[in-house]
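Participant: Sharing a structure with you now.
Protein chains: 2
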Amino acid sequence: MDAGPDLAALAGAVGDATRIRMLELLMEGRSLVAKELAFGTGVSPATATVHLKRLEQARLIRSTRQGRNKVFRLATPTVARMVEALMTVAVRGPRASATPEPLRAARYCYDHLAGRLGMGITDALLRGGHLSLRRRAFALTPSGEDWFEAFGIELAPLREQRRQFAHRCLDWSERRDHLAGALGAALASRVFSLGWVERQPDSRGLVVTPSGQRGLRRHFGAL
Amino acid sequence: MDAGPDLAALAGAVGDATRIRMLELLMEGRSLVAKELAFGTGVSPATATVHLKRLEQARLIRSTRQGRNKVFRLATPTVARMVEALMTVAVRGPRASATPEPLRAARYCYDHLAGRLGMGITDALLRGGHLSLRRRAFALTPSGEDWFEAFGIELAPLREQRRQFAHRCLDWSERRDHLAGALGAALASRVFSLGWVERQPDSRGLVVTPSGQRGLRRHFGAL
DNA sequence: TCCATCGTTCGTTCCATGACGAACCGTTTC
DNA sequence: GAAACGGTTCGTCATGGAACGAACGATGGA
Chain A
5 MDAGPDLAAL
15 AGAVGDATRI
25 RMLELLMEGR
35 SLVAKELAFG
45 TGVSPATATV
55 HLKRLEQARL
65 IRSTRQGRNK
75 VFRLATPTVA
85 RMVEALMTVA
95 VRGPRASATP
105 EPLRAARYCY
115 DHLAGRLGMG
125 ITDALLRGGH
135 LSLRRRAFAL
145 TPSGEDWFEA
155 FGIELAPLRE
165 QRRQFAHRCL
175 DWSERRDHLA
185 GALGAALASR
195 VFSLGWVERQ
205 PDSRGLVVTP
215 SGQRGLRRHF
225 GAL
Chain B
5 MDAGPDLAAL
15 AGAVGDATRI
25 RMLELLMEGR
35 SLVAKELAFG
45 TGVSPATATV
55 HLKRLEQARL
65 IRSTRQGRNK
75 VFRLATPTVA
85 RMVEALMTVA
95 VRGPRASATP
105 EPLRAARYCY
115 DHLAGRLGMG
125 ITDALLRGGH
135 LSLRRRAFAL
145 TPSGEDWFEA
155 FGIELAPLRE
165 QRRQFAHRCL
175 DWSERRDHLA
185 GALGAALASR
195 VFSLGWVERQ
205 PDSRGLVVTP
215 SGQRGLRRHF
225 GAL
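Encoded structure:
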């Protein structure tokens with residue numbers, strides 16, 4: 005009698021505190037092994053196995069074996085966007101203002117930069133004419149191609165990836181789009197390896213280092 | 005230890021087959037009374053009451069009393085977008101191609117037109133220069149203002165509404181944006197009152213009437 | 001080879017909660 | 001006023017499933 009996609013099955017897979025927490029942990033973009041996910045959700049390895057299996061059957065996550073470890077990641081960027089959409093709804097209500105300031109300032113969203121940092125960088129790239137807006141994505145302008153190469157990011161390999169190149173991702177704290185996709189991930193990775201931002205332990209939160217302050221200002225102006 | 009919005013509470017509210025089905029029913033944009041939602045989900049009125057209360061406490065739906073009836077609707081367009089995001093994920097997998105053709109052709113998404121019909125109209129308006137793309141929304145061009153007025157839609161009252169005027173809504177079957185927001189809703193309502201499209205019973209699906217075929221072609225060209 | 005570690009499987013326990021019917025309250029209609 | 005109807009509340013039942021510990025297989029390191 006129903007119609008369209010099988011929402012009930014998906015909702016069942018998502019609708020558990022432990023499992024949604026696992027998805028939240030994976031939103032950092034890191035690949036996590038089963039044990040980390042068990043610890044991160046405060047649950048025994050045995051229980052974690054069951055949940056992870058269920059998430060995998062629902063195609064929300066994927067796993068690969070690495071030796072005796074099993075590492076998990078979100079199945080697709082679409083899943084990440086779904087989780088973001090859930091966050092966008094969950095953020096209102098009485099606890100709305102309880103969103104921790106560090107997370108609003110800078111955080112990982114799946115595998116790219118979000119929060120005010122991600123927004124600021126995206127805005128700067130738009131202002132500088134390095135990015136332009138397209139229907140469902142950003143587009144890299146000629147000057148943008150030079151800019152990214154100069155920033156130390158090789159574009160050719162990124163274009164060969166199957167995932168979207170410069171996706172637009174809606175930010176639950178800023179309520180606007182920031183740069184995602186292969187290009188966004190590469191940018192985040194580059195900023196990270198430059199030592200400009202560092203992970204906060206056990207959180208999606210990021211901190212900008214002193215050298216990062218300088219570097220970001222130099223490249224993106226006042227964020 | 006957690007951070008950000010309270011996903012667990014939201015996931016709990018969403019993660020039940022009956023409740024997600026209720027949200028799905030409300031995605032048609034209609035306001036439905038409790039009894040209809042009970043019948044639509046195949047559950048007793050008593051059970052429906054409990055579910056509806058829970059959804060309301062999670063701020064996913066809102067209700068108003070009308071006489072001895074209680075009518076429900078989605079709380080905000082943000083909720084509608086969240087449900088769409090869930091659908092977008094749920095649609096892949098083995099049953100992907102099982103999405104009923106009528107729904108792909110034309111359907112309600114919350115309160116505006118979606119599916120190929122919604123996409124086609126949106127595209128035609130873009131091609132005609134009546135709409136332009138903005139960051140997170142569409143914008144009405146000067147020629148667009150004339151067009152909508154000529155089509156029988158008063159814009160002034162729409163602009164006064166608190167909701168977004170010309171929102172972009174991602175379509176789970178077409179995977180692109182279509183026109184939503186106050187303007188999208190008004191357009192859908194107008195097309196409906198012209199008798200160009202009709203509801204399919206017990207479904208989000210829409211059918212284009214013969215006069216609708218002509219009217220749509222005349223105004224939007226080949227869809 | 002032996003041991004440590006990781007993940008899975010199995011069996012068990014236990015709690016949350018989804019469902020219903022019956023009784024009840026308020027509104028509308030006749 | 002009486003009857004009909006919509007919705008809510010209450011009590012009860014049953015079931016699903018989340019959690020754990022223990023035992024087991026597999027992998028990698030010493």
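Listed in order, the protein sequences are those of chains A and B.
Just so we're aligned, residue 5 is where the first sequence starts under this note's numbering, counting upward by one.
Just so we're aligned, residue 5 is where the second sequence starts under this note's numbering, counting upward by one.
Backbone N, C-alpha and C fix where the C-beta goes; we use that ideal spot for every residue, glycine too.
Mapping DSSP to helix, strand and coil, what is T213 (chain B)?
Facilitator: T213 (chain B): coil per DSSP, three-state reduction.
Participant: Are L30 (chain A) and L90 (chain B) closer than 8 angstroms when you measure CB to CB?
Facilitator: No. Outside cutoff.
Participant: To the nearest angstrom, how far is the alpha carbon of P214 (chain B) from that of F142 (chain B)?
Facilitator: Answer to the nearest angstrom: the Cα atoms are 30 angstroms apart.
Participant: 8 angstroms is my cut-off, CB to CB: does D10 (chain B) come that close to chain A?
Facilitator: Judged by the 8 angstroms Cβ criterion, D10 (chain B) is in contact with chain A.
Participant: Pop quiz: T92 (chain A) and M86 (chain B) are said to be a contact at Cβ under 8 angstroms. What is the actual Cβ separation, rounded to whole angstroms?
Facilitator: That belief holds up - the Cβ atoms of T92 (chain A) and M86 (chain B) are roughly 7 angstroms apart, short of 8 angstroms.
Participant: Rank B:H223, B:A21, B:L187 and B:E28 by C-alpha distance to the C-alpha of L117 (chain B) and give the top, closest one.
Facilitator: Among B:H223, B:A21, B:L187 and B:E28, the Cα nearest to that of L117 (chain B) belongs to B:L187.
Participant: Tell me, please, whether the CB atom of D115 (chain A) is closer than 8 angstroms to any CB atom in chain B?
Facilitator: By this cut-off, D115 (chain A) is not an interface position.
Participant: So what does DSSP say about A118 (chain A), is it helix, strand or coil?
Facilitator: Three-state result, A118 (chain A): strand.
Participant: Pull out every residue of the region 124-143 of chain B whose Cβ sits closer than 7 angstroms to any Cβ of chain A, in chain order.
Facilitator: Correct list: L137, R139 and R140.
Participant: List, in order along the chain, the chain A residues whose C-beta lies closer than 8 angstroms to that of E202 (chain B)?
Facilitator: Near E202 (chain B) there are no residues of chain A at all, since even the closest Cβ is about 17 angstroms away, more than 8 angstroms.
Participant: Does the CB of T145 (chain B) have a neighbour CB from chain A at under 8 angstroms?
Facilitator: Chain A, which has no Cβ nearer than 8 angstroms to the Cβ of T145 (chain B), makes this no.
Participant: Spatial neighbours of A190 (chain B) within its chain, please: C-beta separation below 6 angstroms, excluding the five flanking residues on both sides.
Facilitator: I157 and L162.
Participant: Alpha carbons only, please: which of B:I65, B:V83, B:A84 and B:T82 is nearest the one belonging to V75 (chain B)?
Facilitator: When each option's Cα is compared against that of V75 (chain B), the closest is B:I65.
Participant: For R195 (chain A), which residues of its own chain have a beta-carbon under 6 angstroms away from its beta-carbon, when the five flanking residues on both sides are left out?
Facilitator: The identity of residue 195 (chain A) in the sequence shown is Val, whereas the question assumes Arg. Within the same chain, V195 (chain A) has close Cβ partners V201.
Participant: Please list the partners that D20 (chain B) has in chain A, where partner means a Cβ-to-Cβ separation under 9 angstroms.
Facilitator: Result: A12, A15, G16 and G19.
Participant: Could you name the residues of the same chain whose beta carbon sits closer than 8 angstroms to that of T145 (chain B), not counting the 5 residues immediately before and after it, in chain order?
Facilitator: Correct list, in chain order: G133, H134, L135 and S136.
Participant: Can you give me, in chain order, the residues of the region 66-95 of chain A that have a beta carbon less than 7 angstroms from any beta carbon in chain B?
Facilitator: So the list reads T82, V83, R85, M86, A89, L90, M91, T92, V93, A94 and V95, given in the order they occur along the chain.
Participant: Where in the region 144-190 of chain B do unbroken runs of the alpha helix (DSSP H), each at least 4 residues long, occur, reported from the N-terminal end onward?
Facilitator: Those alpha helix (DSSP H) runs which fall completely within the region 144-190 of chain B and span 4+ residues are 146-154 and 160-164.
Participant: Along chain A, in chain order, which residues have C-beta atoms closer than 9 angstroms to that of I24 (chain B)?
Facilitator: Here the neighbours are L11, A12, L14, A15, G16 and G19.
Participant: Can you find a CB in chain A that lies within less than 8 angstroms of the CB of E28 (chain B)?
Facilitator: Chain A contact via Cβ: present.
Participant: Quick one: grab the DSSP three-state call for S193 (chain B).
Facilitator: Helix, per DSSP.
Participant: What are the complete beta strand (DSSP E) segments, minimum 3 residues, inside the region 64-111 of chain A?
Facilitator: You should have 65-70 and 73-78.
Participant: Over the uninterrupted beta strand (DSSP E) stretch that includes L137 (chain B), give me the two end residues.
Facilitator: Element bounds for L137 (chain B): L135 to L137.
Participant: Can you have a look at G225 (chain B) and say buried or exposed, based on whether 16 or more other CB atoms are within 10 angstroms of its CB?
Facilitator: G225 (chain B) is exposed by the Cβ-count criterion.
Participant: Quick one: is D150 (chain A) near chain B, going by C-beta distance under 8 angstroms?
Facilitator: With 8 angstroms as the cut-off, D150 (chain A) does not count as an interface residue toward chain B.
Participant: Could you work out which residue in B:I24, B:R172, B:L210 and B:R218 is closest to R108 (chain B) when comparing CA atoms only?
Facilitator: Of the listed residues, the one whose Cα sits closest to R108 (chain B) is B:L210.
Participant: Does any residue of chain B have a CB that is nearer than 8 angstroms to the CB of R180 (chain A)?
Facilitator: At least one chain B Cβ lies under 8 angstroms of R180 (chain A).
Participant: Hey, would you say D4 (chain B) sits closer than 8 angstroms to A94 (chain A), going by beta carbons?
Facilitator: This structure gives no information on residue 4 (chain B), because the portion of chain B shown stretches from 5 to 227.
Participant: Roughly how many angstroms separate the alpha carbons of R229 (chain A) and I24 (chain B), rounded to a whole number?
Facilitator: With chain A covering 5 to 227 only, the question about residue 229 (chain A) has no answer from this structure.
Participant: Alpha carbons only, please: which of A:W176, A:S197 and A:A110 is nearest the one belonging to T82 (chain B)?
Facilitator: T82 (chain B) has its Cα closest to that of A:W176, out of A:W176, A:S197 and A:A110.
Participant: Could you tell me the distance, in whole angstroms, from the CA atom of H55 (chain B) to the CA atom of G219 (chain B)?
Facilitator: So the alpha carbons of these two residues sit roughly 42 angstroms apart.
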